[in-house]
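In terms of the numbering used here, the sequence shown opens at residue 1 and continues consecutively. Have a look at the structure below before the remarks.
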Amino acid sequence: MGRIVGIDLGTSHSSLATIDAEGEARLLSIPQLAGPHETVSEDLLPSVYFENAEYQNLSLPWQENPPILGRFARDLAVANPERAIVSAKSWLCYKGDLRLPPKAEWAGLTAKEVSSLLLAHLLSAWEYSTGESKESIDTLALTVPASFDPLARQLTEEAAAAAGIKAPLLIEEPLAAFYAWLASNKDWNKKLNAGDSVLVCDVGGGTCDFSLIVAEEEAGELRLERIAVGRHLLLGGDNMDLALAHFLSQKHGGLDHWQFVSLQQQVRKAKEVLLSPGSEESYPISVAGRGSSLFAQSKTLELRKSEVEEFLIEGFFPMVSADATIKRSMGLQAAGLPYEHDPAISKHLASFLRQAQANLKTKDSGSTLFRPTHILFNGGVFKAERLQKRIVDCLNLWSGSEIDQLINPDLDHAVTIGAVYYAAWKSSGAKLRVRTAAPRSYFIGLEANQMAIPGMKPKLQGLCVLPQGSDEGSEYDLADQDFALWGGERVSFQLFSSEERSELGSLIENAEETLAAVSELSCQVDDEGDGPIPVYLQSDYDETGKLRIAIRERSGNRRWELNFQLRDDVEKESL
């Protein structure tokens with residue numbers, strides 16, 4: 001049997017695990033640069049790339065002059081952020097082909113290229129740690145946010161392929177955390193009953209992810225299914241670090257620019273230490289500025305555990321009502337990632353549960369909020385039990401009943417551990433797994449049938465080609481919609497999505513205003529016939545969560561697969 005590997009490609013940190021000879025998950029240490037001539041091995045690799053313009057003779061156990069990734073890259077990025085690329089995974093969801101960082105003076109790299117470098121580093125670390133070749137890997141599971149759309153998932157697969165990873169299994173991060181809980185609770189079917197539902201609340205370094213999993217009885221056994229996921233929220237531990245740095249700066253005052261930069265770096269470590277169980281009540285932070293009188297500019301600040309917990313609770317986890325609304329942007333936003341304007345995670349959670357209730361048919365039909373019976377936390381932020389308690393208190397307030405808490409023993413690595421167990425179960429053919437229905441409805445953009453008006457672009461209607469909640473393996477023929485395909489032309493569609501449930505074949509007016517744009521789909525038809533070819537659309541949603549859309553000849557067997565189009569330099573024609 002080949003080797004089993006699980007990789008968590010995180011927004012802020014990445015890690016990997018393997019299955020040992022006893023069949024248990026084992027985290028692997030990751031060698032990485034810590035300085036120009038220093039290498040350390042740690043179980044987390046900061047997901048940061050730094051453009052090297054000055055350091056010579058760098059070395060890792062498997063490579064001379066490697067790209068600067070991980071801890072050294074993160075440290076260098078503090079003083080030179082314009083030469084660093086962070087949050088590459090989140091860029092996959094928005095501008096996968098954009099060269100990063102935006103407006104950099106150097107050539108930059110795409111999010112896919114940075115992701116590929118990080119994955120190659122992790123793969124080399126696995127080879128170094130195990131003494132085996134990557135060719136011996138039989139199954140590798142790679143985590144993605146539950147909120148990743150089809151294009152972001154495809155780009156992740158392409159990044160993995162460029163790193164030398166063949167056919168990775170993609171698993172959603174909240175699901176991986178849930179698999180870690182299943183692995184550590186062999187009697188899970190005694191802890192969950194038919195009709196129970198589990199809210200996975202995953203707050204990582206850069207993102208916040210919500211998922212709902214239900215248990216239902218089928219043929220006398222419990223069946224698990226993920227029924228809802230939240231949208232991609234750029235809100236997490238990094239936001240908290242920045243907020244704490246501003247809090248300390250305002251409290252002590254008199255910090256210059258470089259002292260604040262140094263403070264930002266150290267607050268992260270202070271927060272992690274103070275939130276760990278059994279920690280001290282305070283953490284000293286020494287910050288120094290730049291200049292000839294460096295000693296005189298040095299300051300020692302103190303961050304107290306009670307301050308961290310209180311600041312994060314009130315700033316990021318406030319008690320709110322079930323109908324609390326999210327603060328939206330009120331104007332123009334600078335180019336870059338669409339970070340959340342409202343830091344209140346409890347508000348985003350309430351919004352997610354309201355949307356889930358609107359989309360799902362539940363017994364609690366009189367409620368405007370889905371009421372989960374259990375909650376599973378994930379992410380190092382939740383090492384602070386007061387933060388867990390605040391979320392539990394909110395849920396209890398909203399539902400009027402007590403929610404049960406499931407426990408993962410390792411909040412930092414549960415996603416990695418769950419990924420490798422998922423890979424092991426898939427490799428063995430075991431039945432234990434969580435079904436994943438389509439988390440969103442997907443639409444193809446069609447030009448509305450209307451008279452041409454000079455200077456006015458025809459409005460697009462959205463044709464639903466995959467309804468939210470479609471089961472794995474679903475295949476659909478949209479034979480009621482006729483199209484004419486001309487040979488020798490490139491045809492293209494705009495792909496849209498919606499968090500609301502829609503019926504297959506239904507039309508949504510003003511798609512560009514009411515639906516979320518995903519990407520463009522296109523195909524080239526090389527066969528030049530005597531006239532237009534009558535065609536219709538097909539779609540399918542496979543067990544890996546991949547959406548495929550194709551054009552099918554109505555009176556023949558020809559079929560053209562629609563592919564994601566990332567660049568705008570291709571001449572576009574509309575059906």
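Glycine included, each C-beta is placed from N, C-alpha and C at the ideal position.
Residue range of the beta strand (DSSP E) that residue i falls in?
i	result
H13	13–19
Q538	533–541
Y283	282–287
S41	38–42
R435	434–436
A79	Where A79 is concerned, there is no enclosing beta strand (DSSP E), although the alpha helix (DSSP H) it sits in stretches over 71–79.
Rounded C-beta distance between residue i and residue j? I'm assuming under 8 Å.
i	j	result
C93	F148	6 Å
A517	F496	6 Å
L212	F370	7 Å
S15	T416	5 Å
L376	F210	Actually they are not in contact, since the Cβ atoms of L376 and F210 sit about 11 Å apart, beyond 8 Å.
A141	Y541	Incorrect: roughly 19 Å between the Cβ atoms, too far for contact.
L507	Q461	5 Å
L233	E340	6 Å
F382	L411	6 Å
P66	Y128	That pair is no contact at about 12 Å.
A34	F72	6 Å
K299	H252	7 Å
On the DSSP bridge assignment, give the partners of residue i in chain order.
i	result
D238	Note: D238 sits in no beta bridge, so no partner.
I403	Note: I403 sits in no beta bridge, so no partner.
V261	Partner(s): none; V261 has no beta bridge.
V392	Answer by DSSP bridge pairing: none, since V392 is not bridged.
L548	Reading the sequence as shown, one finds Arg at residue 548 and not Leu. Answer is D540.
W560	I551
L303	Y283
H374	V198, D404
D8	S15
S522	S492, N563
G35	E38
E314	In DSSP, E314 forms no bridge with anything.
F50	I68, A84
Q63	L60
L27	A17
S441	S498
L45	S14
A3	Strictly speaking, residue 3 in this sequence is Arg, with Ala absent from that position. Its beta-bridge partners are I137.
Under a CB-based cut-off of 8 Å, is residue i close to chain D?
i	result
F148	This model lacks chain D altogether, as it is built from one protein chain only.
Between which two residues does the alpha helix (DSSP H) holding residue i run?
i	result
G418	414–428
D256	Neither: D256 is in no alpha helix (DSSP H) and is coded neither H nor E.
E22	No alpha helix (DSSP H) contains E22, which DSSP labels as neither H nor E.
Q355	345–359
So does residue i have its beta carbon nearer than 7 Å to some heavy atom of the ligand MG?
i	result
E225	Absent from the structure shown: the ligand MG. Ligands present: none.
### Query
Looking at C-beta atoms only, is the number of pairs between the region 501–518 and the region 157–166 that lie closer than 8 Å three or more?
No: the two stretches stay apart, fewer than three of their Cβ pairs being nearer than 8 Å.
### Task
Entirely within the region 209–234 and at least 3 residues each: give me those beta strand (DSSP E) ranges in chain order.
221–229
#### Entry: Whole runs of the alpha helix (DSSP H) within the region 443–517, excluding any shorter than 4 residues
511–514
### Task
Note down, one range per segment and in chain order, each beta strand (DSSP E) of at least 3 residues found wholly within the region 81–165.
Correct list: 137–144.
### Task
Evaluate the contact criterion for the region 36–51 versus the region 184–195: three or more CB pairs, one atom per stretch, below 8 Å.
no
### Message
Measuring CB atoms only, is the region 192–206 touching the region 21–39, in the sense that at least three cross pairs come out at less than 8 Å?
### Response
no
### Query
Contact between the region 484–493 and the region 510–525: three or more CB pairs below 8 Å?
yes
#### Entry: the region 390–406 / the region 219–237 touching (three or more Cβ pairs under 8 Å)
Too few Cβ pairs lie closer than 8 Å, so no.
### Query
Is the region 69–86 touching the region 123–143, taking contact as three or more C-beta pairs under 8 Å?
no
### Message
Going residue by residue through the region 159–207, where are the continuous alpha helix (DSSP H) segments of at least 4 residues, counting only ones entirely within it?
### Response
173–184, 188–191
### Task
Indicate whether the contact test is met: 3 or more Cβ pairs, each with one atom in the region 236–244 and one in the region 267–280, closer than 8 Å.
yes
### Task
Report yes or no: do the region 294–314 and the region 242–262 share at least 3 C-beta pairs separated by less than 8 Å?
yes
### Query
Between the region 481–490 and the region 539–550, are three or more C-beta pairs nearer than 8 Å?
no
### Query
Do the region 436–443 and the region 459–474 touch if we need at least three Cβ pairs shorter than 8 Å?
yes
### Query
Does the region 15–25 come within contact of the region 71–82, defined as at least 3 CB pairs closer than 8 Å?
Contact between the region 15–25 and the region 71–82 is absent, with fewer than three C-beta pairs closer than 8 Å.
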